[in-house]
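Undergrad:
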Amino acid sequence: MKITFLGTGTSQGVPLIGCECEVCRSTDPKDKRLRSSVMIEIDGYTYVIDTGPDFRQQMLRENVKKLDAVIFTHEHKDHIAGLDEVRAFNYLSGNEMPVYASARVQEALKREFAYVFSGVEYPGIPKINLHTINTTPFEINGTMFTPIEVFHMHLPVLGFRIGDFTYITDANFIADEEKEKIKGSKVIVLNALRRDKHVSHYSLEEAIAMIKEFSPERAYLIHISHQLGKQAELDKELPTFIRCAFDGLKIEV
Ligand SMILES: [Zn+2]
Ligand SMILES: [Zn+2]
5 MKITFLGTGT SQGVPLIGCE CEVCRSTDPK DKRLRSSVMI EIDGYTYVID
55 TGPDFRQQML RENVKKLDAV IFTHEHKDHI AGLDEVRAFN YLSGNEMPVY
105 ASARVQEALK REFAYVFSGV EYPGIPKINL HTINTTPFEI NGTMFTPIEV
155 FHMHLPVLGF RIGDFTYITD ANFIADEEKE KIKGSKVIVL NALRRDKHVS
205 HYSLEEAIAM IKEFSPERAY LIHISHQLGK QAELDKELPT FIRCAFDGLK
255 IEV
């Protein structure tokens, strides 16, 4: 399975509009972070988890010509805003895009993209086939996805385990039963917003402590804000098995 980090930034991305801080002014391409999303290539199929506001740019950068499904973690705008762009893949494949989301996330999609779900087939609108998921494992083209329910303050968010790979964004609490699903993962991706504590995201210290509970072979931090610092400096201070992910990073699991 090949994983591509499409974006590794927090909701506003890095740099932030109008910010003059050292991180936002950095010339290191690894300090340019689009909104968090990951692409998974397995058995000849390609999936993305979340379609944030930068989805179009991410698909162009990675030269993606075929996308077999979209899976959503939760309904915040930085994770769903790019959904309209799946129409490019409708044209290429001639098929509807399978979209996997919980009932609550589907309600938000229907509200935010009312024209897609109105039943009026206006020419050029995205064609989407919704599949309802909950915390029960589900299969797409023979690949098992195990949802992991995590909390983003009070909001339940789904993380996903696919084989030895676990992807969790937008969390600051994981219940013990859900931790059982993560155990044994070789590679864990987890959000780490900044150094200071935050109401709905793990801080750097909390993320490191959580990763250590699972002792994976490798772990990558995502959903990073400009407050966390520059990539080159962060990598020096982290334990060697934990790296800060960066946009365009590709790993094999
Ligand atoms: Zn987010
Ligand atoms: Zn969120």
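Each residue of the sequence shown is one higher than the one before, counting from 5 in the numbering used here.
From the three backbone atoms N, C-alpha and C, an ideal C-beta is built for every residue, glycine too.
1. Determine, using beta carbons only, whether Asp72 and Tyr104 come nearer to each other than 8 Å.
2. Is DSSP giving Arg165 helix, strand or coil here?
3. Considering only residues of the segment 204 to 239, which uninterrupted alpha helix (DSSP H) runs meet the minimum length of 4 residues and lie entirely inside it, listed in chain order?
4. Please identify the residue among Asp180, Ile228, Arg199, Glu143 whose C-alpha is closest to the C-alpha of Ile46.
5. Return the Cβ separation of Tyr51 and Ile21 in integer angstroms, given the expectation that the two are a contact with Cβ distance under 8 Å.
6. Short of 6 Å in beta carbon distance, which residues of its chain neighbour Leu162, apart from the five on each side in sequence? Order them along the chain.
7. Could you please give me the residues that DSSP links to Lys6 through a beta bridge?
8. Starting from the N-terminal side, write out each stretch of the beta strand (DSSP E) that is 3 residues or longer and does not extend beyond the segment 112 to 170.
9. Would the C-beta of His230 count as close to ligand 1, meaning under 7 Å from any of its heavy atoms?
10. If you drop the 5 nearest sequence neighbours on each side, which residues of the same chain put their C-beta closer than 6 Å to that of Leu238?
11. May I ask which residues mark the beginning and end of the alpha helix (DSSP H) holding Gln65?
12. So, does the segment 180 to 189 touch the segment 197 to 211, judging by three or more C-beta pairs under 8 Å?
13. Which class does Arg39 belong to by DSSP, given the choice of helix, strand or coil?
14. So does Cys58 have its beta carbon nearer than 7 Å to some heavy atom of ligand 2?
15. At a cut-off of 7 Å, would you count Asp174 as near ligand 2, judging by its Cβ distance to the nearest heavy atom?
16. Consider the C-beta atom of Asp239 and the heavy atoms of ligand 1; say whether any pair is separated by less than 7 Å.
TA: With the given structure in hand:
1. no
2. strand
3. 208 to 218
4. Glu143
5. Tyr51 to Ile21, Cβ: 30 Å. No contact.
6. Thr77, Pro151
7. Glu45, Glu256
8. 132 to 136, 142 to 144, 147 to 156, 159 to 166
9. no
10. Cys248
11. Before going on, a small fix: residue 65 reads as Arg here, not Gln. Element bounds for Arg65: 59 to 65.
12. no
13. strand
14. For the record, residue 58 in the displayed sequence is Asp; it is not Cys. Result no, Cβ not under 7 Å from ligand 2.
15. yes
16. no
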